[in-house]
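Taken in order, the sequence shown gives residues 43 to 211; the numbers are from the working numbering. This report refers to the structure that appears directly beneath it.
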Amino acid sequence: MTYLMFIVCLLVFYGFLGLCLCVYPEDGVVWLVFCFVLGSFMLGVIGVSFVALMLFIVYVGGMMVVFAYSVAVTSEVGVKVGRWVRKVVSFCFGVVAFCFGFYVVGGLSFLFRVGLLFDGSVSSDFDGVSLFYSDGAFCLLICGWGLFLVLFVVLELVRGGFRGALRAV
C-alpha cells in the first residue's frame with residue numbers, strides 16, 4: 043500500500059507541476075481533472091470510498107460546467123506556437139519521474155502486493171449516506187447554494203472586460 047500511495051503521490055505532484063507550467067486554460071482544466079481523479083483514487087485506497095465518490099460527483103458535475111464556460115468565453119483564436127515543446131519536455135519529465143518511482147519501489151514486485159489492499163471489508167463511511175437524508179440535508183442545501191453563487195461569481199469575473207462585474211462605472 044505504501045508503494046501504491048507513493049506512485050499516486052508522485053503522479054499528483056507531476057499533475058500539479060503540469061498545472062503550474064501550462065499557459066492555456068484548456069490544458070489547465072485537463073491537468074486539474076487529472077490531479078483530482080488521482081486525489082479521489084487516494085481517498086478510495088485509504089478506505090473512504092464514499093467521500094471520494096461524492097467529491098468526484100460534485101466536482102465533475104458542478105465545477106466542470108464552470109470550467110467549460112470559462113474556456114469557451116476566454117479562448118483565443120489563433121495559432122498556439124511552441125505547445126509541442128512543452129508537451130515533449132513534460133513527457134520526458136514524466137518518463138524520468140516514473141522510472142525513478144519504479145526504481146524506488148523495486149520493479150514489478152509491488153504489483154503482486156497490491157492485491158492485499160482490498161480485503162473485502164465494508165468501509166465505515168457508507169454510514170454517511172444516512173446523514174445526507176437526515177442531519178446533513180441542511181448542510182448539503184447550504185453547500186449547493188454556495189456552489190450556485192460561485193457559478194455566478196465566476197461567470198461575472200470571466201465577462202469582466204465585456205461590461206461585466208469589474209467594469210468602470
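A virtual CB, placed ideally from N, CA and C, is assigned to each residue, including glycine.
{"Item": "Does the distance from the C-beta atom of Val50 to that of Leu80 stay below 8 Å?", "Value": "yes"}
{"Item": "Can you tell me whether Leu158 is buried or exposed, with buried defined as 16 or more other CB within 10 angstroms of its CB?", "Value": "Because Leu158 carries a pLDDT of 45, less than 50, the predicted location of this residue cannot be relied on, and no value is offered for it."}
{"Item": "Give a single yes or no on whether Phe55 has its beta carbon closer than 7 Å to a heavy atom of the ligand HEM.", "Value": "The ligand content of the structure shown is nil, which means the ligand HEM is not present either."}
{"Item": "Assuming contact is defined by CB atoms lying nearer than 8 Å, are Gly104 and Leu191 in contact in what I supplied?", "Value": "no"}
{"Item": "Using a threshold of 8 Å, state whether the C-beta atoms of Phe78 and Tyr101 are closer than that.", "Value": "yes"}
{"Item": "Report the rounded CA-to-CA distance for Leu46 versus Val87, giving the unit in angstroms.", "Value": "9 Å"}
{"Item": "Determine the direct distance from the alpha carbon of Ala94 to that of Ser83, and round the result to whole angstroms.", "Value": "It should be noted that the sequence gives Phe, not Ser, for residue 83. Cα to Cα, the separation comes out at about 7 Å."}
{"Item": "What residue range is occupied by the uninterrupted alpha helix (DSSP H) comprising Val54?", "Value": "Thr44 to Leu63"}
{"Item": "What are the boundary residues of the alpha helix (DSSP H) that Val93 is part of?", "Value": "Ser91 to Val100"}
{"Item": "Tell me whether Gly60 is buried or exposed, calling it buried when 16 or more other Cβ atoms sit within 10 Å of its Cβ.", "Value": "buried"}
{"Item": "Compare the beta carbon distance of Val137 and Phe109 with 8 Å and say whether it is the shorter of the two.", "Value": "no"}
{"Item": "Whose C-alpha, out of Thr44, Leu63 and Ile99, is nearest the C-alpha of Gly186?", "Value": "Ile99"}
{"Item": "Would you tell me roughly how many angstroms separate the C-alpha atoms of Phe135 and Lys129, rounded to the nearest one?", "Value": "10 Å"}
{"Item": "Mind pulling the alpha helix (DSSP H) runs of 4 or more residues that sit fully within the stretch 172-196?", "Value": "none"}
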